[in-house]
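*Asks:* The structure's right below; bear with me while I get my questions together.
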Amino acid sequence: MRILHTSDWHLGQHFMGKSRQAEHQALIDWLLQQVQVHAVDAVLVAGDLFDTGTPPSYARELYSQWVVRMHQVGVPLLLLGGNHDSVAMLAENQALLACLGATVVPAVRGEAADALVELPQRHVAPRHASADPTPDLFETLDAAPVPGCIVCAIPFIRARDLLQSQAGQSAEDKQAGLQQAIQAHYESVHQAALLRQAEWLARSGRRVPILATGHLTTVGASASESVREIYVGALEAFPTRAFPGADYIALGHIHRPQRVGGLEHIRYSGSPLALSFDEARQTKEVLLVDLDERGLRTVTPLAVPVWQPLQALRGTLEDLTPALVEAAQAGTPERPVWLEVTVAQDDYLSDLPQRLQALTEGLPVEVLRIRRERGAATARLQAQARETLDELSPSEVFARRLQQEELSPEWQQALSQRYQQVLSQLQEGAA
1 MRILHTSDWH LGQHFMGKSR QAEHQALIDW LLQQVQVHAV DAVLVAGDLF DTGTPPSYAR
61 ELYSQWVVRM HQVGVPLLLL GGNHDSVAML AENQALLACL GATVVPAVRG EAADALVELP
121 QRHVAPRHAS ADPTPDLFET LDAAPVPGCI VCAIPFIRAR DLLQSQAGQS AEDKQAGLQQ
181 AIQAHYESVH QAALLRQAEW LARSGRRVPI LATGHLTTVG ASASESVREI YVGALEAFPT
241 RAFPGADYIA LGHIHRPQRV GGLEHIRYSG SPLALSFDEA RQTKEVLLVD LDERGLRTVT
301 PLAVPVWQPL QALRGTLEDL TPALVEAAQA GTPERPVWLE VTVAQDDYLS DLPQRLQALT
361 EGLPVEVLRI RRERGAATAR LQAQARETLD ELSPSEVFAR RLQQEELSPE WQQALSQRYQ
421 QVLSQLQEGA A
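Each residue of the sequence shown is one higher than the one before, counting from 1 in UniProt numbering.
Given below as structure tokens:
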């Protein structure tokens, strides 16, 4: 059984006013190719399909297009809700998408067995465990093909899904209670999966591997600027040891691809697109997960192409001049490089945007964000802000301003002398 694990697509994201529509369209095209080339049996998206609960129409169109195209090549989908997704929106076409081989899990389901999804191997029609009305489970198992894997399909968990609020609880008590409730939920669903696994083994003689999913932050996970907790009451971090003993645990929410606790079988796939400038240097991935009767065999990362280059630059205006030229080599007039520029030392300049615009003139780059890096000298001046100008002489004001510059002693002396000459002339003129 080969699963393609991905997450955090954030369809409909506007990146500082820029649409990602073309990139997401390219991602869908590329993924379809990978599914074919690598003979993927099923695709699993571990949450945050959309960037907001009210995505633009083109994002919903991309979503529908992707489901239809996967159905055309006979590849089942398992789509889980994340903290950015609207439960109501994902649920509204749940039954329709099931007819196209896509199982959508917008929110936590009531009974543990209802959270089980059996993913077939390719070209075998998917069947949801809880949707079968047949009362005799063994008759159902006899009639259905043996699935490729059993998934504990757990989406993003909201506190209200598992707990009732209690007056007077501290924040620490609420976090501890939520962690215990999530751990208990995972355990109950995993126990239901073990029972289902035993039933298939008794009927077919074959051990069906078990996967679990999640959309949450784990202890020690490395996050990025674009990871936002937009639901009040979410768990801050879930301990690795609290996960059940599944053969593979497919996680979403953290945008950087990584193993959890160094474990091969607990993984964040990360987002397929860089969703913030601090992700620009990351190699984005989707994961090919191979399983058999013994459990997890291999996890193979597939590097996702970069369709829109992003770069974060830092330095003085003098440093940035060659850096901008180098960055421009990754862009074209049709697809300029999106830049975040952090200006050091020269951050005090009031016309900084105009100066940067002049430096980028004619280059295939577009500066989307300018940051001013306050240096140590500026911090010292801010700490002295309680002093008034009446308490300082003009020479002291100039000396403190000169401290903000990294100049040679010769230049500092020359500027000080020149300042004293100008100051003397002004004082003589005033007399």
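Here a beta-carbon is modelled for each residue, glycine too, at the ideal position from N, C-alpha and C.
A quick note: this is a predicted structure, and the numbers were derived from the prediction, not measured.
What does DSSP give as the partner residue(s) for G214 in the beta ladder?
*Replies:* L251
*Asks:* Give every residue of the same chain whose Cβ lies closer than 8 Å to the Cβ of Q36, excluding the five residues on either side of it in the sequence, and list them in chain order.
*Replies:* Here Q36 has V73 as same chain residues with Cβ atoms under 8 Å from its own Cβ, once five neighbours each way along the sequence are excluded.
*Asks:* Given a threshold of 16 other Cβ atoms within 10 Å of its Cβ, counted over all protein chains shown, does G331 qualify as buried or as exposed?
*Replies:* buried
*Asks:* Using CA atoms only, rank isn't needed, just tell me which of P244, L339, P56 is closest to I154.
*Replies:* P244
*Asks:* V325 to A280, Cα distance in whole Å?
*Replies:* 18 Å
*Asks:* Pull up the DSSP beta-bridge partners for W338, would you.
*Replies:* L310, E366
*Asks:* Please report how far the alpha carbon of V45 lies from the alpha carbon of T52, in whole angstroms.
*Replies:* 16 Å
*Asks:* May I ask you to list the residues that DSSP assigns as paired with T103?
*Replies:* L78
*Asks:* Cutting at 6 Å between CB atoms, please list the residues of its own chain near G12, excluding the five before and the five after it.
*Replies:* F50, D51, P55, P56, A59
*Asks:* Look at G82 and F156 and say whether their C-beta atoms are less than 9 Å apart.
*Replies:* yes
*Asks:* If you count every other CB in all the chains shown that lies within 10 Å of the CB of C149, and 16 or more means buried, which is it?
*Replies:* buried
*Asks:* Pairs of beta-carbons, one from the stretch 25-42 and one from the stretch 192-199, closer than 8 Å: are there three or more?
*Replies:* no
*Asks:* Expressed to the nearest angstrom, what Euclidean distance is found between the alpha-carbon atoms of E23 and Q33?
*Replies:* When only Cα atoms are considered, E23 and Q33 end up about 15 Å apart.
*Asks:* Work out the CA separation of A312 and Q329 for me, nearest whole Å.
*Replies:* 14 Å
*Asks:* Among T283, E340, E61, whose alpha-carbon lies nearest the alpha-carbon of R256?
*Replies:* T283
*Asks:* Got a sec? Which residues, its chain only, sit under 7 Å from D290 by beta carbon, not counting five neighbours each side?
*Replies:* R2, R297, T298
*Asks:* Expressed to the nearest angstrom, what Euclidean distance is found between the alpha-carbon atoms of L415 and T316?
*Replies:* T316 has its alpha-carbon roughly 20 Å from the corresponding atom of L415.
*Asks:* Which same chain residues end up closer than 8 Å to residue 437 when comparing Cβ atoms and leaving out the 5 residues on each side of it in sequence?
*Replies:* Within the shown structure, residues of the chain are numbered from 1 to 431, placing residue 437 beyond reach of any answer.
*Asks:* So is E111 buried or exposed if we call it buried at 16+ other beta carbons inside 10 Å?
*Replies:* Residue environment analysis places E111 among the exposed positions, since fewer than 16 neighbouring C-beta atoms fall within 10 angstroms of its C-beta.
*Asks:* To the nearest angstrom, how far is the alpha carbon of E187 from that of R241?
*Replies:* Looking at the two C-alpha atoms, the distance is approximately 12 Å.
*Asks:* Can you tell me where the alpha helix (DSSP H) with F285 in it begins and where it stops?
*Replies:* A small fix is needed here, since residue 285 is Glu in this sequence, not Phe. No alpha helix (DSSP H) contains E285, which is instead part of the beta strand (DSSP E) from 285-292.
*Asks:* Contact check, H253 vs G101 under 8 Å by CB: the rounded distance?
*Replies:* In this structure, H253 and G101 do not form a Cβ contact; the two beta carbons are roughly 25 Å apart against a cut-off of 8 Å.
*Asks:* Tell me the DSSP secondary structure of I154 in three-state form.
*Replies:* Annotated three-state conformation of I154 is coil, per DSSP.
*Asks:* Return the CA-CA distance between G295 and Q354, expressed in angstroms with no decimal places.
*Replies:* Roughly 59 Å separates the two Cα atoms.
*Asks:* Beta strand (DSSP E) containing A22: first to last residue?
*Replies:* Per DSSP, A22 belongs to no beta strand (DSSP E); it is in the alpha helix (DSSP H), 21-37.
*Asks:* Ignore the nearest five residues each way along the sequence and tell me which others in P120's own chain have a CB closer than 8 Å to its CB.
*Replies:* In its chain, beyond the 5 residues on either side, D41, A42, P76, P126, R127, P145, P147, G148 have a beta carbon closer than 8 Å to the beta carbon of P120.
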